[in-house]
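Inspection log for the structure reproduced underneath, given as structure tokens.
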Amino acid sequence: MELKYLKVEMDGPVAVVTLSRPERRNAISEEVAVEIGRFFSEPPEEAKTIVLRGAGDHFCAGLDLEEHARLRRTPAQFMRMCQKWHWAFDQIQYGGTPVIAAMQGAVVGGGLELAAACHSRVAEPNTFFALPEGQRAIFTGGGATVRVGRIIGPDRMVDMMLAARTFDAKRGYELGLCHEIADEGKSFDRAMEIAQGAAKHAPLSNYAIVTAIGRINDMSTTDGLFAESLMAGIVQSGPEVAEGLDNFLKRKAKRLEPK
Ligand code: 1HE
32 MELKYLKVEM DGPVAVVTLS RPERRNAISE EVAVEIGRFF SEPPEEAKTI VLRGAGDHFC
92 AGLDLEEHAR LRRTPAQFMR MCQKWHWAFD QIQYGGTPVI AAMQGAVVGG GLELAAACHS
152 RVAEPNTFFA LPEGQRAIFT GGGATVRVGR IIGPDRMVDM MLAARTFDAK RGYELGLCHE
212 IADEGKSFDR AMEIAQGAAK HAPLSNYAIV TAIGRINDMS TTDGLFAESL MAGIVQSGPE
272 VAEGLDNFLK RKAKRLEPK
């Protein structure tokens, strides 16, 4: 696959994907959004998990404001553009392969929408989160109302945007915008550790974890419980199940401990 803005390298079973537009702070133009969607809809077959990071000092500065100002998009054009972002970020969230975000610096606007589509998010002490759309006279269009609203709650998202709040890494952690804060400069190493660990899971378990939980939470309780039982039935028919259970029963697997 020919890629202009994403650099992809394999490290064992992990595909390392670097959003590489540091001179624009990894801002997302229409081409970038489409490239993200194309890549995540067909990741390399050998990739069991994926780490997504941004080149340079920032994860992602969101919508390419220079392109947006230049194109003077009509309402219909902007709506279509937002739908491309929705499609692209859906490929991340529901593509079936776990995606771990390694974040430093700005995770703002569309950058936060991108991060929110990832399944596990590692920050650094210098990471910050914001939705500055109101300050730019626009509105979120890359899925924040759905994904960020679910993570921090719609009420807090409204306040975050109205009060133009910028959350530091610690506050972001408390709110669930990141799941862990690694040491300075170490978010990538930690994301790789998580990705290497998750790559050892049975592929069908990972598929269920990343595709079923989000969807089931869109369902009614009755439908959700039914869908969960179906998914559980399918996953436990996978070839790795006997081995996974045996490893535990024969004490070959590590016991769980808090970390
Ligand atoms: C950009 C962008 C961008 C930087 N589009 N070019 N997003 C924002 O409102 C965030 C806007 N950006 C910033 O607040 C800052 O750039 C950062 C905090 C991310 C980084 O600061 P810094 O000091 O490291 O960099 P800089 O000097 O501000 O920017 C370096 C260059 O990147 C500069 O270009 P240059 O030609 O002057 O070198 C910037 O113009 C360029 N740059 N951010 C285009 N976003 C589907 S709807 C989603 C809606 C949104 O995402 S709204 C939020 C938009």
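Every number in this note's numbering is 31 more than the matching position in the sequence shown, counting from 1.
All C-beta atoms, glycine included, are put in the ideal place defined by N, C-alpha and C.
Note that this is a predicted model, so its numbers are computed, not measured.
Report task. Go ahead and label S251 buried or exposed: buried means 16 or more other beta carbons lie within 10 angstroms of its beta carbon, across all protein chains shown. Result -> exposed
Query raised in the report: So, do the segment 160-176 and the segment 69-85 have three or more beta carbon pairs nearer to each other than 8 angstroms?
Result: no
Requested in this report: State the CB to CB distance for the pair A222 and A284, rounded to an integer number of angstroms; the pair is presumed to be in contact (CB under 8 angstroms).
Outcome: Contact flag wrong, Cβ pair sits at about 24 angstroms.
**Report entry** L256 burial status per 10 Å Cβ neighbour count (16 or more: buried)
**Finding:** Counting other Cβ atoms within 10 Å of its Cβ, L256 stays below 16 and is therefore classed as exposed.
Query raised in the report: Any heavy atom of the ligand 1HE within a distance shorter than 6 angstroms of the CB on R55?
Result: R55: yes, Cβ under 6 angstroms from the ligand 1HE.
Report task. Taking the CB atoms as reference points, tell me whether A213 and E155 lie closer together than 7 angstroms. Result -> yes
Report task. For A148, name the three-state secondary structure that DSSP assigns. Result -> coil
Requested in this report: On the DSSP bridge assignment, give the partners of I265 in chain order.
Outcome: According to DSSP, I265 bridges with nothing at all.
Requested in this report: May I ask you to verify whether the segment 173-189 touches the segment 231-238, counting CB pairs closer than 8 angstroms and requiring at least 3?
Outcome: no
Report task. Run through the segment 183-217 for me and flag every whole alpha helix (DSSP H) of 4 or more residues, listed as ranges in chain order. Result -> 185-193 and 200-206
Query raised in the report: Near E98, which residues of its chain fall below 6 angstroms by C-beta distance, leaving aside the five closest residues on each side in sequence?
Result: Only S60 meet the Cβ criterion.
Query raised in the report: Taking just the CA atoms, how far does W116 sit from G173?
Result: 5 angstroms
Requested in this report: Could you tell me if I67 is buried or exposed, where buried requires 16 or more neighbouring beta carbons within 10 angstroms of its beta carbon?
Outcome: buried
**Report entry** CB-CB length for Q135 against F71, believed under 8 angstroms
**Finding:** Taking the Cβ atoms as the reference, Q135 lies roughly 21 angstroms from F71, outside the contact range of under 8 angstroms.
Query raised in the report: CA-CA distance, P163 and E271?
Result: Their backbone Cα atoms lie some 46 angstroms apart in a straight line.
Query - For N157, the nearest candidate out of V177, A175 and A200 (CA to CA) - result: A200
Requested in this report: Could you tell me whether the Cβ atoms of F160 and L193 are closer together than 7 angstroms?
Outcome: no
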